[in-house]
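Participant: Here it is: the structure, laid out below.
Protein chains: 2
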Amino acid sequence: MIKYTDMTAQQRKAEYSAVLADYEKQKALGLKLNMARGKPGKEQLDMVTDLCNILVKPEDFICDGIDSRNYGNVDGLPAAKELFADILGCKPEQCFVGGNASLQLMYDVIAKAYTNGLLHSDKPWSKLEKVKWLCPAPGYDRHFKVTASFGMELITVPMTAYGPDMDMVEALIKDPAVKGMWNVPKYSNPEGVVYSDETIRRIASMKPAAPDFMLMWDNAYCIHEFEGAFVPFADILSLCAENGNADMVYEFASTSKVTFPGAGVGVMATSEKNLAYLVPLINIQTIGFDKINQLRHVKYLQNKEHTLALMRRHAAILRPKFHAVLDALDREIAPLGIGSWRRPVGGYFVSYDAMPGTAKRALALCKEAGVTMTGAGATFPYGVDPRDSNIRIAPTLPPVEELEQAIAIFCNCVKLAALEKLGV
Amino acid sequence: MIKYTDMTAQQRKAEYSAVLADYEKQKALGLKLNMARGKPGKEQLDMVTDLCNILVKPEDFICDGIDSRNYGNVDGLPAAKELFADILGCKPEQCFVGGNASLQLMYDVIAKAYTNGLLHSDKPWSKLEKVKWLCPAPGYDRHFKVTASFGMELITVPMTAYGPDMDMVEALIKDPAVKGMWNVPKYSNPEGVVYSDETIRRIASMKPAAPDFMLMWDNAYCIHEFEGAFVPFADILSLCAENGNADMVYEFASTSKVTFPGAGVGVMATSEKNLAYLVPLINIQTIGFDKINQLRHVKYLQNKEHTLALMRRHAAILRPKFHAVLDALDREIAPLGIGSWRRPVGGYFVSYDAMPGTAKRALALCKEAGVTMTGAGATFPYGVDPRDSNIRIAPTLPPVEELEQAIAIFCNCVKLAALEKLGV
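Chains as they are written, first to last, in this note's numbering: chain A, -16 to 407; chain B, -16 to 407.
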């Protein structure tokens, strides 16, 4: 096979006819396949369902003298703080253990900045003329939507193989209206990039003009290798503290992809000073989160080592799915020179960069053939990819056989879109 | 016994000495008793703990084709909507079923008004000069704190035996800056007042100047009789709709005092138009609430009738506790003419009105003797009771024998405070 750009017009026409014929056959199957969202599959859920059978008798619900069934302990069970501190490498006193979603903790702490102001704010952000926010992209659509929903101006920072473009970040944070930055430091969504030590060092030692700058550190995939051994990560709280930025960082994690996506436990880790300021504000919003579910997780996951063992069992389920996608891309697309992708070893996504100007068209073709994908552009602020190129592939939910069908259709769609662009 | 006000100075001195001697004996016991918060007791929690053993095998977690373990369904499981619609008398489509706390749903919908505006708002409330809020008092401290945390001006509306003073409410809502009103319509916190049909009719037909007025209808104790038969209540959503106020009302309920305070399920019921506006905003905050816990509740509570049967078992546990408190007040305080209280048949509190100017002193004496009570003033906006009179008694948590000790100490404390006030 030769590259599409090296083909003659006639060769491209022939290729187009051949691919189109194959695509029409796939379409005729009337399939309904979904590679849209980073959901664990049924096999993974079944594997951890014993979590729900771990607390049975009334006495099982008592932990460190606290009755998990009753009100109280808005910042979480002490045992749950210890579990997350073990996993994240921070101190239990820095952990705020919440409900079933770390996204809600992220939203809520930004909402508090907006409605009440943070520890080092002059006033609530709602009283400011303008708030700007740094968005490394491609990135996580739900992050961008949170800050957009508060009317902030989202500034795109390009992602590199080492993390966000730090020269650009260091220039932008000189503007006091720039109040924060999203990060998924390990196996970034969607590219699977792991921030380099150097990137992390530069981030931890930033000197933003805004005294209440929020370094949002969504460590969503901190223990989520699907290939190879666990990759240790630095404790961002310590690194920031060493650089005089103790109150700048808010780290998040959850068990959404360890136990249940809909019924896991989320955590926010931040300085004790930040917690002393925030916990009373959060305590106005709620009397407390679900401590029974926290206790289930404490007893089921036990500690970091035991949790990593469970993650290896998840990896065994996920690995063939990622291979099905990556192998198809290697085989079908690589020789054609019409797209590029990284080869992640953790996280929940594969990020595909199509020939510029063809992502939307390729996904429209996918949809016609019954394959639902995350919308083109979703990985950029405001849902607009200026190059119309990035596509997020989520291989985790479908069984392998469905995934193979879906990625085969996807490959034909990006081929057709590229050929149309090049002229056929 | 004669009334303290009818006593001579000498009689009061003698009484003071006698009560003080008894109080000192109680103090010497070094007790630690708590009548501060409306928490269910251990016996109640043990009674419902089987809730956690209802979902066991993977297939148990599927409901109406939805896997409760995975992401999705931000507005709740359809079966959970049906359960709450049955209990509240509204339509399932009007129910938003959330996480473990209805307080969080209340906070969040007001937060959305503040950060984004509501369906009929001209702009987000954070952009307004002034927002005022009506607070029937005595009322629930956590309600008042929510609206105070957004910088609103809280306006006290006196409670009567029939609900809030509606003449005053109807006058106040002519001010377009008045944006909402708290209500606990059945067994109000703390007095146990049930709003009369006439009060509810006047509320449902209000014509507030603010187009985005929020009638916050916290039906926290809608099925929480501890004495006598279940008292039916009107569907406030229908009543408001009949009066052209369909989008004015937000009703809340939860299973915090049906199953677990810390791990129940909360619901917000409001117009379908309001939900169509709010759900996408809430979906920015979270991917979804804990559907596993929703499903547990659906299977355990089943429907309204079955839930009412469970509430009768709660009532059997609670009744002796309320009797212990009310009987002591009848016996010890009623003849002295130094306090007044209602005799609730549902809810979680007894509200005691001490001789004006003595509530704080009485509670300080309680504290000295090891009895923790809700702080004086807590039942009023900003925590300030202008008459320093109202005290909230929460009899539900302690076992009956502890409660009898605690209320005996309480009676001595209000006697001492009254005698000090009258002069001894």
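Just so it is clear, CB atoms sit at the ideal spot from N, CA and C, and this is done for glycine as well.
Model, not experiment: these values are computed from the prediction.
With a cut-off of 8 Å, does the C-beta of B/LEU102 fall near any C-beta of chain A?
Facilitator: Answer no: the Cβ-Cβ gap between B/LEU102 and chain A never drops below 8 Å.
Participant: Chain B beta carbons: is any one of them nearer than 8 Å to that of A/THR32?
Facilitator: yes
Participant: Tell me, please, whether the CB atom of A/VAL367 is closer than 8 Å to any CB atom in chain B?
Facilitator: Not an interface residue.
Participant: For the alpha helix (DSSP H) containing B/LYS15, name the first residue and the last one.
Facilitator: Looking at the DSSP string, B/LYS15 is not in any alpha helix (DSSP H), and its letter there is neither H nor E.
Participant: Going along the chain, which residues of the segment 264 to 284 of chain A sit with their C-beta nearer than 8 Å to a C-beta in chain B?
Facilitator: Close to chain B, meaning a Cβ-Cβ distance shorter than 8 Å, are the following residues of the segment 264 to 284 of chain A: LEU264, ILE267, GLN268, THR269, ILE270, GLY271, PHE272, ASP273, LYS274, ILE275 and ASN276.
Participant: So that I know if they touch, is there some Cβ in chain B lying closer than 8 Å to that of A/ARG54?
Facilitator: With the sequence shown as reference, residue 54 of chain A is identified as Tyr, and Arg is not the correct amino acid for it. Answer yes: the Cβ-Cβ gap between A/TYR54 and chain B drops below 8 Å somewhere.
Participant: Step through the CB atoms of chain A and report whether any lies within less than 8 Å of the CB of B/VAL129.
Facilitator: yes
Participant: Got a sec? Which residues, its chain only, sit under 6 Å from A/THR218 by beta carbon, not counting five neighbours each side?
Facilitator: It should be pointed out that residue 218 of chain A corresponds to Asp in this sequence rather than to Thr. Within the same chain, A/ASP218 has close Cβ partners GLY72 and CYS73.
Participant: Contact check, B/CYS118 vs B/ILE93 under 8 Å by CB: the rounded distance?
Facilitator: Approximately 13 Å separates the beta-carbon atoms of B/CYS118 and B/ILE93; this is outside 8 Å, ruling out the contact.
Participant: I'd like to know whether the C-beta of B/GLN(-7) is nearer than 8 Å to at least one C-beta of chain A.
Facilitator: no
Participant: Going by CA-CA distance only, name the one from A/THR290, A/PRO327, A/THR(-9) and A/ASN228 that's closest to A/LEU309.
Facilitator: A/PRO327
Participant: Counting only Cβ-Cβ distances shorter than 8 Å, please list the residues of the segment 78 to 111 of chain B near chain C, keeping chain order.
Facilitator: Here chain C cannot be found, since the structure's protein chains are A and B.
Participant: Does the beta carbon of B/LEU301 come closer than 8 Å to any beta carbon on chain A?
Facilitator: no
Participant: Compare the C-alpha of A/MET356 against each of A/ALA1, A/LYS(-14), A/MET(-10) and A/ARG20 and name the closest.
Facilitator: A/ARG20
Participant: Name, going along the chain, the residues of the segment 7 to 26 of chain B whose beta-carbon falls closer than 8 Å to a beta-carbon of chain A.
Facilitator: ARG20, LYS22, PRO23 and LYS25
Participant: What first and last residue would you give for the alpha helix (DSSP H) that runs through A/TYR97?
Facilitator: 85 to 98
Participant: Mind checking which residues open and close the beta strand (DSSP E) that includes B/LYS162?
Facilitator: First-last of the beta strand (DSSP E) with B/LYS162: 161 to 166.
Participant: Less than 8 Å between the C-beta atoms of A/LEU264 and A/CYS223, yes or no?
Facilitator: no
Participant: At 7 Å on the CB atoms, spell out the chain A contacts of B/LEU38, in chain order.
Facilitator: Within 7 Å Cβ-Cβ: CYS35.
Participant: What does B/GLY358 reach in chain A if we use C-beta pairs closer than 9 Å?
Facilitator: Residues of chain A passing the Cβ test: none, with the nearest at roughly 15 Å.
Participant: Only counting the same chain, and skipping five residues up and downstream in sequence, which positions put a Cβ closer than 8 Å to that of B/ASP180?
Facilitator: ALA217
Participant: Just curious, the beta strand (DSSP E) that A/LEU117 is in, first and last residue?
Facilitator: 115 to 120
Participant: Using only alpha-carbon positions, find the residue among A/LEU293, A/ARG279, A/LYS398 and A/HIS297 that is nearest to A/SER51.
Facilitator: A/ARG279
Participant: Can you give the Cα-Cα distance for B/PHE213 and B/LYS169, rounded to whole angstroms?
Facilitator: For B/PHE213 and B/LYS169, the distance between alpha carbons rounds to 11 Å.
Participant: Express the C-alpha separation of B/VAL250 and B/LYS287 in angstroms, rounding to a whole number.
Facilitator: Take the alpha-carbon of B/LYS287 and the one of B/VAL250: they are about 15 Å apart.
Participant: Tell me which same chain residues have a C-beta within less than 8 Å of the C-beta of A/LYS408, skipping the five on either side of it?
Facilitator: Past the edges of chain A, shown from -16 to 407, lies residue 408 of chain A, and the structure says nothing about it.
Participant: List the residues of chain A that B/PHE243 touches, going by C-beta distances under 8 Å, in chain order.
Facilitator: Neighbours of B/PHE243 across chain A, judged by C-beta separation under 8 Å: ARG52, ASN53 and ILE275.
Participant: Roughly how many whole angstroms lie between the Cα atoms of A/ILE321 and A/ASP124?
Facilitator: Spanning the two alpha carbons is a distance of roughly 25 Å.
Participant: Looking at the structure shown, is B/SER334 part of a helix, part of a strand, or coil, going by DSSP?
Facilitator: DSSP places B/SER334 in strand when its eight states are reduced to three.
Participant: Determine the extent of the beta strand (DSSP E) in which B/ARG375 is found, giving its start and end residues.
Facilitator: 373 to 376
Participant: Assess, as a yes-or-no matter, whether the segment 266 to 282 of chain A is touched by the segment 360 to 369 of chain A under the definition of 3 or more beta carbon pairs within less than 8 Å.
Facilitator: As far as the Cβ criterion goes, the segment 360 to 369 of chain A does not touch the segment 266 to 282 of chain A, which means the pair count is below three.
Participant: Rounding to the nearest angstrom, what Cα-Cα distance links A/ALA342 and A/GLY366 in this structure?
Facilitator: 13 Å
Participant: Run through chain A and tell me which residues come within less than 9 Å of B/LEU28, C-beta to C-beta.
Facilitator: PRO41, PHE44, ASP50, ARG52 and ASN53
Participant: Is the beta carbon of B/VAL2 less than 8 Å from the beta carbon of B/LYS350?
Facilitator: No.
Participant: Can you check which of these residues, B/PRO339, B/GLU210 and B/ILE390, is closest to B/ASP313 by C-alpha distance?
Facilitator: Among B/PRO339, B/GLU210 and B/ILE390, the Cα nearest to that of B/ASP313 belongs to B/ILE390.
Participant: Evaluate A/GLY82 with the Cβ neighbour count: other Cβ atoms within 10 Å of its Cβ, from every protein chain shown; 16 or more gives buried, anything less gives exposed.
Facilitator: buried
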